[in-house]
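Working notes for the structure below.
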Amino acid sequence: MSELLVGRRILMFVDDIYEDLELWYPRLRLIEAGAHVVVAGLQADRVYHGKHSYPCRSDAAIADMEAADFQGLVVPGGFMPDKLRREAKVLSLVRDFAGAGKLVAAVCHGGWIPISAGVYRGVRVTGSLGIKDDLVNAGAVWEDAAVVVDRHFVSSRKPDDLPDFCRGILGVLTAR
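Each residue of the sequence shown is one higher than the one before, counting from 90 in the working numbering.
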């Protein structure tokens, strides 16, 4: 294990039909770098299943989370973000992370959550081509790139971009 992120706490969201690789790859990469990663779902200690059926047990309930307890947030894609963006607590957490200048990282359809939280206006981002119009209509500045880092916002398009996505996340977290 690297000690790059020792003492850093990162929050990730989970719900059914998350994109398996987009949750597990960053989670394991952050743990490898020494971060403590908390995966929160609508219920604590519940097993959620990804698009490809890979299970993920939540560590905590989203309702119990506070942005002040973390240095960053990672939002995987899949169909999960479309459900979670309807939750007031999810949106308030995203606003709190963004307002505090903390990492807000979203990959693929994960961008739906920052869109609904209203934090992407004027932010350079990328995401799944399927939500490009949503990003643009939310006031984001779209770029077609493997990763886009704009201040404390990190975004990527798809699972193939995960190495770049994780390098972007690590870059933001180690610059602070």
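All residues carry an ideal CB built from backbone N, CA and C; glycine is no exception.
Identify every residue that forms a DSSP beta bridge with residue i.
i	result
residue 231	214
residue 107	167
residue 239	242
residue 194	163 and 243
residue 99	126 and 161
Could you tell me how far apart the beta carbons of residue i and residue j are, in whole angstroms, since I believe they sit closer than 8 Å?
i	j	result
residue 154	residue 129	5 Å
residue 146	residue 134	7 Å
residue 266	residue 213	Absent from the structure is residue 266, since the part of the chain shown begins at 90 and ends at 265.
residue 262	residue 117	About 15 Å separates the two Cβ atoms, so there is no contact after all.
residue 120	residue 164	At roughly 17 Å, the Cβ-Cβ gap does not stay under 8 Å, so residue 120 and residue 164 are not in contact.
residue 102	residue 173	6 Å
Please name the residue, chosen from the options, that lies closest to residue i on a Cα-to-Cα basis.
i	options	result
residue 100	138, 152, 143 and 175	152
residue 288	193, 235, 228 and 201	Within the shown structure, residues of the chain are numbered from 90 to 265, placing residue 288 beyond reach of any answer.
residue 168	225, 255, 233 and 137	137
residue 240	127, 265 and 113	265
residue 243	174, 113, 166 and 195	195
residue 253	219, 208, 197 and 220	197
residue 246	187, 94, 262 and 219	219
Threshold first: 3 residues or longer. Then list the beta strand (DSSP E) segments lying entirely within the region 117-191, N to C. 125-130, 136-138, 144-146 and 161-164
I want to know whether the region 106-116 touches the region 127-145 - three or more CB-CB distances under 8 Å. yes
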